[in-house]
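Here is the structure we will look at.
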Amino acid sequence: MILLNGCSFTYGDELENPDKERWGTHLGELLGKTILNKSAPGASNSRIFRTTMGMLSGMEDLSQLEGVIIMWSAFERVEMISLHAEHNYDRDSNLINSQFLQMSPSRISKNNRSITRNWQAWETFYGEIYTRETGIVNTINYMSWVKWICDQLKVTCIQGWFHEGNRVTFAKTFSPARIEQLGPRLTRIYEPVIKKFNALPPQCKLGATENDGPTFHEFTMKNNFKLMPREHPGPEAHKAYGEQLFNYIKNKNIVFEQDMYTPVIGTNLPR
Amino acid sequence: MNEKNNYIYVNGCSYTYGIGIEVSEQRQKRWATLLSNKLGTDVLNSACPGSSNFRISRHTYQDILTADKLPSLGIIMWSDGPRQEYFRPQENEYDWLDMAQVTPQGVGSIKSFFHRDAFESFFSFINSEQRALMHTINHMLSVEMLFKAHNIPLIHLQFKSNTNRHYRHFIETNKDTNSRPLRNVMKHIEACVGYLEKNNPYVYGFNKDESFGKLMHDKQLPFSTISLGHPEHTCHEAMAEWIYDLIKSDNDIIKRL
Numbered sequence: 001m002i003l004l005n006g007c008s009f010t011y012g013d014e015l016e017n018p019d020k021e022r023w024g025t026h027l028g029e030l031l032g033k034t035i036l037n038k039s040a041p042g043a044s045n046s047r048i049f050r051t052t053m054g055m056l057s058g059m060e061d062l063s064q065l066e067g068v069i070i071m072w073s074a075f076e077r078v079e080m081i082s083l084h085a086e087h088n089y090d091r092d093s094n095l096i097n098s099q100f101l102q103m104s105p106s107r108i109s110k111n112n113r114s115i116t117r118n119w120q121a122w123e124t125f126y127g128e129i130y131t132r133e134t135g136i137v138n139t140i141n142y143m144s145w146v147k148w149i150c151d152q153l154k155v156t157c158i159q160g161w162f163h164e165g166n167r168v169t170f171a172k173t174f175s176p177a178r179i180e181q182l183g184p185r186l187t188r189i190y191e192p193v194i195k196k197f198n199a200l201p202p203q204c205k206l207g208a209t210e211n212d213g214p215t216f217h218e219f220t221m222k223n224n225f226k227l228m229p230r231e232h233p234g235p236e237a238h239k240a241y242g243e244q245l246f247n248y249i250k251n252k253n254i255v256f257e258q259d260m261y262t263p264v265i266g267t268n269l270p271r
Numbered sequence: 001m002n003e004k005n006n007y008i009y010v011n012g013c014s015y016t017y018g019i020g021i022e023v024s025e026q027r028q029k030r031w032a033t034l035l036s037n038k039l040g041t042d043v044l045n046s047a048c049p050g051s052s053n054f055r056i057s058r059h060t061y062q063d064i065l066t067a068d069k070l071p072s073l074g075i076i077m078w079s080d081g082p083r084q085e086y087f088r089p090q091e092n093e094y095d096w097l098d099m100a101q102v103t104p105q106g107v108g109s110i111k112s113f114f115h116r117d118a119f120e121s122f123f124s125f126i127n128s129e130q131r132a133l134m135h136t137i138n139h140m141l142s143v144e145m146l147f148k149a150h151n152i153p154l155i156h157l158q159f160k161s162n163t164n165r166h167y168r169h170f171i172e173t174n175k176d177t178n179s180r181p182l183r184n185v186m187k188h189i190e191a192c193v194g195y196l197e198k199n200n201p202y203v204y205g206f207n208k209d210e211s212f213g214k215l216m217h218d219k220q221l222p223f224s225t226i227s228l229g230h231p232e233h234t235c236h237e238a239m240a241e242w243i244y245d246l247i248k249s250d251n252d253i254i255k256r257l
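Chains as they are written, first to last, in the working numbering: chain X, 1 to 271; chain R, 1 to 257.
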């Protein structure tokens, strides 16, 4: 069994039948593996990490687990608890657990997919409090922790970024000009981040560098696949991306089997 | 026990850093050093004043994964759940830390009016007790797995009983609720707490309410006159004694030290 986690791109938002049409299902069929898809539309990386950790910490049955595939979402999304259905998206659908509000700057604007209260507080949050560096530090930490825990559990780990926008944000945030401008204040963040990022193997950085393949969004655009009305990849893109990932896995000889890793550190987490 | 062959790893906030003790004596008189003296070990104290639980787990991972030699015992004294960490290059009040640690109590002293205003609004309208609790539990789970994977015993303590208060308050006031979101959050939190408590006898803050603050209250120990709201050195002695009593009856831990 392979655990999948991510945002709407992994969930298959806007597909007529997400369970059947999303890339994870196609990949599972090609690999001959059962897929447990924990992704949710709008998911923040906090949510992806929280739910993955909930699974990997042993709160759910891990005996059949052979692999973890995570497509991380946009850095700027944050997770809050909302007990008041303050998100139109939550009220309109049963797609996500409405108590966990997945917030992003795009949900502040007053349209039918925005929050329904606290606009001003969120505007000041994104205007004055949130910084790109914060989102990057959190995401790279999540990526390296998940990889490390997968190694300890002896399960294969594949990770990537859903959208090339993350790559642009990363490059802009840590551009030589900014490093020069902010000096040690930025290098204190940049150095551990880049060390952790570089330590990840290519299969844990899909779409995160230009050398490690396209993001799902990039793949969809480059191949002129149909986009849905809210710009999510359509069913053809999902099918083709599932095949592309399958080929990547085959070409790189990545194997999903129970207990395939010999861990370097530690004594293994019991499963 | 070996003499200085092993070390204990501790992390936390100002209560672990030793704020409230004379600066010249801070390193010698804080609870972690006193405890390591009793155990005959070294200590690596990664605490920072004002720490959020985000920083504690982030630096704990960094320290353990890059350690040349692993500790024999870990003790994390978790901080206040609502605290946050952000990278904010615009200001310099926290420039000694890699990420600014923001506490709800400290918002009033943020220099920039706009940032102060934004944080006041954040803590008033966006952040919540439930979110603070959920994040604290998530950090505890992550660090628990880190130590479990290395087969290192870990003690989860709390600096004050805030986590217990959040937990009790949330569960007790909502146990009969019909609200689906509330029930879902409760289910999530109880599953995480259940997992932690089942797998580690030293998880304090939920069904076992033990904290540095509670110890001070129970023993009627004084706050410091140097830094209001922080324990003075006699409190650190009591805390070290309390942890020492806790672990000296655990043969598994004692054998490792």
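We treat Cβ as the ideally placed atom computed from N, Cα and C, and that holds for glycine.
In the three-state scheme derived from DSSP, where H, G and I count as helix and E and B as strand, His-217(X) is classed as helix.
Below 8 Å, enough C-beta pairs join the stretch 43-61 of chain X and the stretch 102-118 of chain X to call them touching: three or more.
As DSSP reads the structure, Trp-78(R) sits in a beta bridge with Gln-158(R). Residues Gly-12, Cys-13, Ser-51, Ser-52, Asn-53, Ile-56 and Phe-159 of the same chain have their beta carbon placed closer than 7 Å to that of Ser-79(R), with the five preceding and five following residues left out of the count. Cα atoms of Val-193(X) and Ile-140(X): separation of roughly 6 Å, rounded to the nearest angstrom. Contact annotation, Arg-30(R) with Thr-16(R): C-beta distance approximately 7 Å; criterion of less than 8 Å satisfied. Taking 4 residues as the minimum length, the alpha helix (DSSP H) runs contained wholly in the stretch 125-195 of chain R are 129-149 and 162-174, in order along the chain. Excluding five sequence positions before and after Pro-18(X), the CB atoms of its chain that fall closer than 8 Å to its own CB belong to Tyr-11 and Gly-12, given in chain order.
Contacts with chain R at 7 Å (Cβ-Cβ) do not include Ile-48(X). By the CB criterion at 7 Å, Gly-74(R) and Tyr-9(R) fall inside the cutoff. Residues of chain R with a Cβ closer than 7 Å to the Cβ of Arg-188(X) are, in chain order, Asp-98. Beta-bridge partners of Ile-8(R) (DSSP): Val-43(R) and Leu-73(R). The three-state secondary structure of Glu-25(R), taken from DSSP, is helix.
Proximity of Leu-62(X) to chain R, defined by a Cβ-Cβ separation below 7 Å, is not satisfied. DSSP places Ile-140(X) in the helix class (H, G or I) of the three-state scheme. Rounded to whole angstroms, the gap between the alpha carbons of Lys-226(X) and Val-168(X) is 24 Å. For the stretch 168-205 of chain X, the continuous alpha helix (DSSP H) assignments of 4+ residues that do not extend past its boundaries occur at 176-182 and 184-199, in sequence order. Straight-line measurement puts the Cα of Phe-125(R) at about 15 Å from the Cα of Gly-127(X). With respect to the C-alpha of Ser-175(X), the residue from Glu-236(X), Arg-132(X), Gly-24(X) and Gly-234(X) having the closest C-alpha is Arg-132(X). At a cut-off of 7 Å between beta-carbon atoms, Phe-125(X) makes contact with chain R. Around the beta-carbon of Trp-72(X), 16 or more other beta-carbon atoms lie within 10 Å, marking it buried. For Gln-130(R), a Cβ of chain X is located within less than 7 Å of the residue's own Cβ. Of Pro-229(X), His-26(X) and Tyr-142(X), the smallest CA-CA separation from Ile-70(X) is found for Tyr-142(X). Between the C-alpha atoms of Tyr-195(R) and Asn-138(R) there is a straight-line separation of about 11 Å.
At least one beta carbon of chain X lies nearer than 7 Å to the beta carbon of His-115(R). Look at Tyr-86(R) here: in three-state DSSP terms it is strand.
Within the stretch 148-168 of chain R, the residues whose Cβ lies closer than 8 Å to some Cβ of chain X are Lys-148, Ala-149, His-150 and Asn-151, listed in chain order. Contact note: Pro-192(X) reaches chain R through Gln-62, using a C-beta cutoff of 7 Å and chain order. Residues of chain X with a Cβ closer than 9 Å to the Cβ of Ser-51(R) do not exist, since the nearest Cβ in that chain sits about 15 Å away. DSSP places Phe-100(X) in the strand class (E or B) of the three-state scheme.
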